[in-house]
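Notes follow once the structure below has been shown.
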Amino acid sequence: METPQSLDAETTLVALLGQPVAHSHSPLMHNTAFAEQGLNVAYAACAVAPEAVGDAVAGLRALGFAGANVTIPHKEAVIPHLDALTERARAIGAVNTLFWDEDGRLAGDNTDAPGFRAPLEGHAEHLRGGDLLIFGAGGAARAASYALLTGFAPARLTLAARTPEKAEALAADLAPFDETDTLSVVPFGEAGPAVRSARLLVNATPLGMHPETDATPWPHLEDFSEDQIAYDLVYAPPRTRLLREAEARGATPIGGLDMLVGQAAASYRRWTGRPMPTEAVRQALRERLDA
């Protein structure tokens, strides 16, 4: 179920602000959750041009929206229009969730970081203090790096990037959270030793995303091992080439749907104060992706 059966004067509204938004699974996830819990809340995706971000936020205020999600390309541009930021949103430098805080301020949060971390909590003992690696240096890599530095105290966190200069800039931004100087940067082509020693491999690039499903950030199967966790943030397809090949070598696979649902659940709690019914949401997503 993507929308409530009826809207009335008592319906609470939540929005997604981005451009484009037609591809987003957020309306499906949140409206499924609202319906599952019998809440009179509706979630709508709104295409917002870059020059209209301020007007969109003003509209949320004027119309009494309970909050919003923010997606590409507005995660940074929305910040000047808010009253406050959470500590992690300020640290990451990007916002994906708007909510009203306890002081009545329209605040920005970044739930990508806790959403990324959620499926790793069961592996915390294995990961803590180990070598970890992220492919990529964009927004997803930024949230993932923050989550790993603050949650797992890695011995080494390597950023493998096609554009090392971008990764160096990311490492500099995260330096305040890298107390033991664990961050390092390598070009994709020189990442072999770091890949082989890593307990966790994270694909924070679009490589492998539909329709380019034959792509992978690391095609060298011999570098994967049973001691590793392969975590691909791509969720379409649910089982990417990276996950299939790493699992074939004994690694533990984690798909992008876990982060997608995790970040949605953190946003949902901001707006409703309730845990999201994640199993119902996962089922709705599986039905859509399998269609």
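The sequence shown begins at 2 in the working numbering and counts up by one. Glycine included, each C-beta is placed from N, C-alpha and C at the ideal position.
Within its own chain, the residues whose Cβ lies closer than 7 angstroms to the Cβ of E169, once the five positions on either side in sequence are excluded, are V186, listed in chain order.
Secondary-structure assignment with DSSP links T13 through a beta bridge to V42. Where A69 is concerned, the enclosing beta strand (DSSP E) starts and stops at 68-71. Annotated three-state conformation of F225 is coil, per DSSP. Straight across, the Cα-Cα distance linking F225 with L261 is about 25 angstroms. Leaving aside the five residues that flank F153 on each side, the residues in its chain whose CB is nearer than 6 angstroms to its CB run, in chain order, L128, R129.
If the five residues before and after R240 are omitted, its C-beta is found closer than 8 angstroms to the C-beta atoms of P254, G256, all from its own chain and listed in chain order.
If you draw a straight line from the Cα of A156 to the Cα of D84, it is about 37 angstroms long. Our two residues, W101 and A67, have alpha carbons roughly 7 angstroms apart in a direct line.
Ranked by Cα distance from L171, the options Y147, Y269, T181 are led by Y147. Excluding its 5 nearest sequence neighbours in each direction, S198 has C-beta neighbours in its own chain below 7 angstroms: D132, listed in chain order.
Taken through DSSP and simplified to helix, strand or coil, R163 comes out as coil.
Of the residues L8, A63, H26, Q20, the one whose Cα lies closest to the Cα of A43 is L8. The residues R89, I93, A144, Y147, A148, in chain order, have a CB closer than 7 angstroms to that of A114 in the same chain once the five nearest residues on each side in sequence are set aside. Assignment of beta-bridge partners to W101 by DSSP yields L107. Taking all protein chains in view, the Cβ of H31 is crowded by 16 or more other Cβ atoms within 10 Å, so the residue is classified as buried. Distance from the CA of Q264 to the CA of F117, rounded to the nearest whole angstrom, comes to 7 angstroms.
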